[in-house]
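Asker:
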Amino acid sequence: MDSVRDQLGRPLADLRVSVTDRCNFRCRYCMPREHFDHAHRYLARADILSFEEIVRVVRVLLPLGLRKVRLTGGEPLLRSELPKLVAMLRCFPELELALTSNGSLLAKHAQALRSAGLDRLTISLDSIAPEVFARMTDSELPVSDVLDGIEAARKAGFGPLKINAVVRRGVNDHTLLELARHFKASGDIVRFIEYMDVGLTNGWQMDQVVSGKDIAALIDSAMPLEPATANYAGEVAKRYRYRDGGGEIGVITSVTQPFCGACARLRLSADGHIFGCLFARAGTDLRSLLRTTQDDAELSAAVQRFWQARGDRYSELRALGTKHLPRLEMSYLGG
Ligand code: SAM
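Residues in the sequence shown are numbered consecutively from 57, following this note's numbering.
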């Protein structure tokens, strides 16, 4: 079967699966504590897709062009027995399997994830300065837990790791060089992410964004860089190599230089809704169908209809004024 295309001719190649909407961090830019407190209603267990249901969605998507699955959340390592899901997905050998985690529980799970067949690991870490880390994550979990998790991941055979750092002006931008230097030494790839206006709870303002261009200039001023070619068409990070041959960094410019034209990503929330964009205002319910039909062809037809109707390009439209538009939280639809 030919790969399915959307309204802008984009294929469906990537799936992000949110396995839980819960997280043990309260990053101010993602799940600010005043909105995600004891009164917040998380998804009920019965509403969350089982591993079997997730595997079924993946099986249906493969003939439509799916190449890669990334498990995320919320914090995916809060979902019990996650390595079991990885092992179940590993039954599709052609699939690249990745996970994005805050790393705080990785020391415990890295080896099991690797043994289950996980290919790649991305760890979110905005600063290695303990007080800045604490301020960004609004958590009492120390940065050393994440660094231990990273060490365990290396020992388990993952590498090079991708380290994702969201940059907020006046909050962690004075610690970016320290972060880059730390991971330059270990050969992992730090990817600096422009702070995005995802969801409606973080109070995003454009003046809190440090542009990818300024981030690259800052790193270059201390450790000279040169642009590197993309690893593949549609790679979201702009790559830069250290001129001394000591590795690379990436910069993800979703705000100042959006890349919607290359977005081949479908998102599946923990409660089985699909989304064509991180900035979607609503999803399409796939769970009801999953639970009422045994016919994979019916599921496939539903996904194809959804993808063929997709025209989302929120980040490209941002400059025209999208601030007022309703949109869902990243912790729900999967980061
Ligand atoms: N808990 C996992 C983690 O921390 O990697 C996975 C989910 S988290 C929502 C995925 C990624 O989204 C993290 O790297 C996080 O920093 C990033 N993120 C969340 N809110 C963001 C925002 N407003 N702008 C840019 N990146 C954001």
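By construction, the Cβ of each residue, glycine as well, lies at the ideal position given by its N, Cα and C atoms.
Return the first residue and the last residue of the beta strand (DSSP E) that H94 is part of.
Answerer: Counting along the chain, H94 falls outside any beta strand (DSSP E), and DSSP gives it neither H nor E.
Asker: Is it the case that the CB of S136 approaches a heavy atom of ligand 1 more closely than 7 Å?
Answerer: no
Asker: Do you know how far the Cα of E90 is from the Cα of L68?
Answerer: 36 Å
Asker: Can you tell which of I206, F92, S277 has the C-alpha that lies nearest to the C-alpha of T193?
Answerer: F92
Asker: Would the stretch 370 to 380 and the stretch 308 to 321 be scored as touching if the rule is three or more Cβ pairs under 8 Å?
Answerer: Touching, yes, given that three or more Cβ pairs across the two stretches are closer than 8 Å.
Asker: Figure out for me which residue from G215, A185, V359, T349 has the closest Cα to the Cα of R170.
Answerer: G215
Asker: Going by C-alpha to C-alpha distance, which of A336, L322, K240 sits closest to D300?
Answerer: K240
Asker: Looking at L162: is its Cβ nearer than 8 Å to the Cβ of G205?
Answerer: yes
Asker: Please check if any C-beta of chain D sits within less than 8 Å of the C-beta of L64.
Answerer: The structure shown contains no chain D; it is built from a single protein chain.
Asker: Considering L179, what are the terminal residues of the beta strand (DSSP E) in which it resides?
Answerer: What sits at residue 179 in the sequence shown is Ile, not Leu. That run of the beta strand (DSSP E) goes 176 to 180.
Asker: With respect to the alpha helix (DSSP H) encompassing D204, which residues constitute its N-terminal and C-terminal limits?
Answerer: 199 to 212
Asker: Based on Cα-Cα distance, which residue from S344, E291, V254 lies nearest to Y104?
Answerer: Before going further, note that residue 104 is Ile rather than Tyr in the sequence given. For I104, the nearest C-alpha among the options comes from S344.
Asker: Going residue by residue through the stretch 289 to 340, where are the continuous beta strand (DSSP E) segments of at least 3 residues, counting only ones entirely within it?
Answerer: 294 to 298, 304 to 308, 321 to 324, 329 to 331
Asker: Near A272, what residues of its chain come up, given a Cβ to Cβ distance below 7 Å and the 5 sequence neighbours on each side ignored?
Answerer: Cβ neighbours of A272 within its own chain (closer than 7 Å, five residues either side excluded): L281, Y296, V307.
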